[in-house]
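> Read left to right, the sequence shown gives residues 0 to 778 (numbering that gives the first Met the number 0).
In this text, a Cβ means the ideal position worked out from N, Cα and C, and glycines have one as well.
Since this is a predicted model, take the numbers as computed values, not measurements.
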Amino acid sequence: MGITINQNAVNQVDKNTTIYLEGEQIKGVAIILKGRVIAKSKGARVLLGTGNFIGVSDLSFGRYLCSYEAFDEVLFYSFPVKSMEEITDIFNINKDYKGLMSASLSRYVAEIEKVYAQLHNGAKDIYSFTDKYHAKYMELGSKLGYSVSSIAVLNELEPYNEETMLDERKLEYYKECARISVDNWKAFCSYGEAVTLYTLEETQELISQMLNECSRMADYLEKLMLGLINNSDNCLYKGYAALAISIDETGGDNRELIRVVDAIIERINYLEKTFEEKLGKKCNVDRKRMEEIYYVLISKTSNRKEQVDNNFQYTENETKEVTESLEGALQQICVYALYDTEKADDLAKGILDFINLRDKFSTDDRIRILRRRLTQHFYELYELVFLKACKEQNAPKVIDLFLKYGLLDERLLTTDQLRELYFLDDEMVKQNGLCKVYDIKTWLTCVYNGEKEPSKNEFDQEYVDWLRSNRKRGEITEEGERDALTNPVLRAKYEMQNMFRYNSKVVNGQFSTFVPFLWGESIIKSFQNMLLTPERVNTAINNLLEIDYSIFHREVLYVNQAKGIAKEYVMKPVYPDIVLMPVMGYNGVMWQEITGKKKSREGRFIFPIFADANLNDILIKVFGKFRWELCRSIQGNAWNNIKEKSLTSEYADYIQFYRKNRDISEEMREKIKTQIQKGRNNYREIFVIDYEGWMKGESTGAVKLNRIAREILATYCPFKKEIRERLKGMPLFSDAMERQARNTLKKIRDTELKYRSIEKDGGEITPELKDSLNFYKEL
0 MGITINQNAV NQVDKNTTIY LEGEQIKGVA IILKGRVIAK SKGARVLLGT
50 GNFIGVSDLS FGRYLCSYEA FDEVLFYSFP VKSMEEITDI FNINKDYKGL
100 MSASLSRYVA EIEKVYAQLH NGAKDIYSFT DKYHAKYMEL GSKLGYSVSS
150 IAVLNELEPY NEETMLDERK LEYYKECARI SVDNWKAFCS YGEAVTLYTL
200 EETQELISQM LNECSRMADY LEKLMLGLIN NSDNCLYKGY AALAISIDET
250 GGDNRELIRV VDAIIERINY LEKTFEEKLG KKCNVDRKRM EEIYYVLISK
300 TSNRKEQVDN NFQYTENETK EVTESLEGAL QQICVYALYD TEKADDLAKG
350 ILDFINLRDK FSTDDRIRIL RRRLTQHFYE LYELVFLKAC KEQNAPKVID
400 LFLKYGLLDE RLLTTDQLRE LYFLDDEMVK QNGLCKVYDI KTWLTCVYNG
450 EKEPSKNEFD QEYVDWLRSN RKRGEITEEG ERDALTNPVL RAKYEMQNMF
500 RYNSKVVNGQ FSTFVPFLWG ESIIKSFQNM LLTPERVNTA INNLLEIDYS
550 IFHREVLYVN QAKGIAKEYV MKPVYPDIVL MPVMGYNGVM WQEITGKKKS
600 REGRFIFPIF ADANLNDILI KVFGKFRWEL CRSIQGNAWN NIKEKSLTSE
650 YADYIQFYRK NRDISEEMRE KIKTQIQKGR NNYREIFVID YEGWMKGEST
700 GAVKLNRIAR EILATYCPFK KEIRERLKGM PLFSDAMERQ ARNTLKKIRD
750 TELKYRSIEK DGGEITPELK DSLNFYKEL
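1. For residue 736, I'd like the list of residues in its chain whose CB is within less than 8 Å of its CB, leaving aside the five on either flank, ordered along the chain.
2. Between the stretch 634–642 and the stretch 612–626, are three or more C-beta pairs nearer than 8 Å?
3. Drop a sphere of 10 angstroms on the beta-carbon of residue 497, count the other beta-carbons inside from all chains shown, and report buried for 16 or more, exposed for fewer.
4. Sorted by chain position, which residues of the same chain lie with C-beta nearer than 7 Å to residue 688's C-beta, five sequence neighbours on each side aside?
5. Of the residues 433, 417, 439, 327, which one's Cα is nearest the Cα of residue 381?
6. So if DSSP puts residue 8 in a beta bridge, which residue, or which two residues, is it bridged to?
7. Please work out which residues of its chain come closer than 6 Å, Cβ to Cβ, to residue 177, disregarding the five sequence neighbours upstream and downstream, and give them in chain order.
8. Kindly indicate the opening and closing residues of the alpha helix (DSSP H) around residue 104.
9. What number of angstroms, rounded off, separates the C-alpha of residue 327 from the C-alpha of residue 341?
10. Going by DSSP, what residues sit across from residue 605 in a beta bridge?
11. Please list, in chain order, all residues of the same chain as residue 710 whose beta carbon is under 6 Å from its beta carbon, the five residues on each side excluded.
12. To the nearest angstrom, how far is it from the Cα of residue 184 to the Cα of residue 258?
13. Taking the alpha carbon of residue 470 as the reference point, which residue from 484, 701, 767 has its own alpha carbon closest?
14. Are the stretch 150–162 and the stretch 269–287 touching, with three or more C-beta to C-beta distances below 8 Å?
15. Assuming residue 33 and residue 73 form a contact by the criterion Cβ under 8 Å, report the distance between their Cβ atoms to the nearest whole angstrom.
16. Please report the distance separating the alpha-carbon of residue 352 from that of residue 487.
17. Just the Cα atoms here: how many angstroms apart are residue 765 and residue 562?
18. Given that a residue counts as buried once 16 or more other Cβ atoms are within 10 Å of its Cβ, and exposed if not, what is residue 294?
19. Taking only runs of the beta strand (DSSP E) that begin and end inside the stretch 191–238, which ones reach a length of at least 3 residues, in chain order?
20. Taking DSSP as the reference, what is the three-state secondary structure of residue 475?
21. Between 343, 753, 334, 230, which lies nearest to residue 286 when the distance is taken from Cα to Cα?
22. What would DSSP say about residue 400, mapped onto helix, strand or coil?
23. In three-state DSSP terms, what is residue 68?
24. Using a Cβ distance threshold of 8 Å, determine whether the stretch 332–339 contacts the stretch 395–413, with at least three qualifying pairs required.
25. Between residue 43 and residue 390, how many whole angstroms is the CB-CB distance? I'm expecting something under 8 Å.
26. Does the separation of the CB atoms of residue 262 and residue 253 fall below 9 Å?
27. Counting only the same chain and skipping the five closest in sequence on each side, list residues whose C-beta sits under 8 Å from that of residue 0.
28. Pick out the complete beta strand (DSSP E) segments inside the stretch 411–449, 3 residues or longer, and give them in chain order.
29. Whole angstroms are fine: how far does the CA of residue 37 sit from the CA of residue 279?
30. To the nearest angstrom, how far is it from the Cα of residue 690 to the Cα of residue 466?
31. Identify the continuous beta strand (DSSP E) that holds residue 44 and give its terminal residues.
32. Taking the alpha carbon of residue 732 as the point to measure from, which residue in 703, 409, 753, 747 has its own alpha carbon closest?
33. Report the option in 120, 445, 393, 70 whose CA atom is closest to the CA atom of residue 213.
34. Name the residue from 23, 14, 31, 21 whose alpha carbon lies nearest to the alpha carbon of residue 8.
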């Protein structure tokens with residue numbers, strides 16, 4: 000953590016304390032009086048001792064290029080200098096600081112150059128090695144008739160090219176300067192400030208360039224390391240080990256291949272040491288697994304062939320664990336749930352029939368009835384298993400796989416699929432994005448515990464409204480209604496019988512052949528490649544927010560009587576919850592634009608946990624529906640009233656009267672007619688088609704919309720400022736961008752007038768109000 004620094008004073012900090020943080024705006028510089036400080040960035044780690052300045056090399060850039068962290072207990076004197084224009088203030092305190100500062104930055108250049116040189120040599124040498132032996136690996140496999148796969152990460156890599164060419168003469172000059180004694184530097188710099196200022200400017204530029212290149216080379220070396228060794232089967236180490244074993248098993252000579260494996264290990268060791276010493280980070284290398292593979296390579300163990308067949312993904316103990324844990328999965332699940340014996344027998348017979356189907360994709364009536372029967376059993380069983388799991392700790396692994404991923408019977412998946420599913424990493428614990436992502440088990444648990452309200456049903460009814468209507472129909476009493484509001488079992492059952500059942504089928508997308516459990520023939524890609532994790536979902540969302548950055552912002556009521564604010568509307572980002580259904584699928588669902596009646600509550604998006612489609616494409620459709628439904632919800636009955644300007648009212652008016660619009664050509668009218676048919680005469684679905692064109696095409700300058708649709712989307716779904724600046728110079732986009740700019744300027748003026756009125760009445764402009772105004776200014 001950062002600390003409070005006393006300026007123009009001596010400060011003392013403990014070991015591992017961050018003095019200045021990388022990326023922060025400059026808040027001062029310091030000289031180390033006692034102890035050592037690590038200057039560390041993504042691409043370099045340099046130790047600075049007593050007499051060195053920290054932060055000075057960053058002054059020209061307005062932010063710290065490194066984090067400065069105490070390596071020991073450190074004493075430092077801080078100066079409140081934030082720019083190069085103020086640096087002479089330090090010289091006025093003590094003339095010797097000119098020489099000390101010049102000597103400090105020269106030594107810093109020399110130390111960073113050592114890191115730069117090692118990373119550069121490593122990038123060059125290891126690329127040469129991997130390129131040569133990757134080609135040889137492919138050649139040997141083809142030549143000798145063994146099945147080999149090219150290493151994807153190595154196919155994509157090219158020799159490292161510097162983004163910035165360093166001035167070698169200047170670099171050598173400052174490396175020699177680093178050997179000059181401090182006393183000589185003091186004498187040299189004592190004649191004036193020009194020598195010191197020139198030295199600082201030159202070294203700052205060199206340091207910045209080297210840190211940037213070191214960061215790029217660190218990324219490059221990480222990719223090389225992944226090419227050499229990773230946790231998948233697609234790496235050089237496992238590839239050569241498998242090839243060597245296969246040749247040995249058929250009586251061939253594999254000694255040359257073993258020497259290559261040894262050489263790969265040497266490169267892995269070199270990279271691991273470089274990362275630890277020069278970058279201060281550990282590589283994610285599974286040493287235990289490497290040793291196990293090497294033992295299999297040089298020994299004559301009985302399971303060598305099986306290890307090669309599963310590409311060294313799993314050890315003998317791991318494969319045994321999967322077999323033992325998942326054997327008789329269906330029976331284990333039924334016993335755990337105390338499922339009715341007759342129903343369990345019927346389910347077992349139905350699953351056996353399904354396994355034995357010649358064509359599981361058939362839409363024959365007999366097979367459709369079988370699917371319906373199995374689906375009904377699955378959901379009944381799921382409710383029983385979930386409710387029991389809520390009350391018990393440490394449920395068997397098979398139960399967890401059933402609840403999270405829909406594993407019902409191990410015979411429905413191949414051995415490889417079972418092993419991969421069993422060892423999938425639980426990524427749900429790593430929640431650090433804008434949107435909270437839940438697997439269905441975690442989500443239902445939140446509903447059960449009262450942390451989340453049950454979702455709407457397919458008829459758009461909230462749980463509270465559904466209970467009220469049941470009470471009015473006499474199906475439950477008032478007391479029963481009150482109990483159901485807080486009863487965890489009834490809440491969870493409502494969620495499972497409505498949102499869960501309906502959306503499992505929708506996100507799967509295979510309506511005619513849908514069953515809610517996993518079966519092998521329907522799964523082409525690996526589970527790991529399809530798995531939606533919080534990181535993957537939030538990364539995709541962030542990418543789209545780089546285009547439509549205001550999608551999750553909405554006006555919410557803000558009251559602060561203590562600050563003189565009676566009633567104001569402020570813009571606030573409200574990010575949706577993401578719920579993942581335990582199916583493989585192709586679709587996303589915008590299930591709720593808000594939760595409950597409050598407009599400030601988050602929405603709910605539903606996706607399959609295994610997505611066999613482009614996630615960006617799925618999200619864009621969901622975003623479009625969210626844009627429409629949120630506007631419609633906020634506008635209420637006026638959603639299509641053109642007198643009240645909004646996204647839905649303007650777009651509905653445009654679609655309703657496009658035939659009479661003289662600005663639309665006959666050719667364009669035909670295109671709109673086709674679009675309306677494609678959208679099934681549903682305003683929202685028609686809009687989503689335009690929204691897709693807006694996000695995928697128009698954001699890049701490609702013309703996908705007509706002028707009227709473009710202006711509507713530019714007004715209510717504006718691009719990020721950088722994109723607008725790029726497009727406004729293009730004639731076809733200029734009108735739309737200008738309309739958006741005019742509306743934004745009006746909103747800023749209106750907001751500033753309101754704020755002035757608040758201040759005039761004695762109120763205070765709070766951070767919430769400032770943030771809202773800044774949002775409009777950034778639009």
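Checking against the coordinates, here is how it stands:
1. 713, 723, 726, 727
2. no
3. buried
4. 674, 677, 678
5. 439
6. 77
7. 105, 106, 109
8. 95–143
9. 18 Å
10. 578, 588
11. 735, 738
12. 52 Å
13. 484
14. no
15. 7 Å
16. 36 Å
17. 8 Å
18. exposed
19. none
20. coil
21. 230
22. helix
23. strand
24. yes
25. Rounded, the Cβ-Cβ distance is 53 Å, inconsistent with contact.
26. no
27. Low local confidence applies: a pLDDT of 44 at residue 0 is under 50, so the model's placement there is unreliable, and no value is given.
28. 436–438
29. 10 Å
30. 37 Å
31. 44–47
32. 703
33. 120
34. 31
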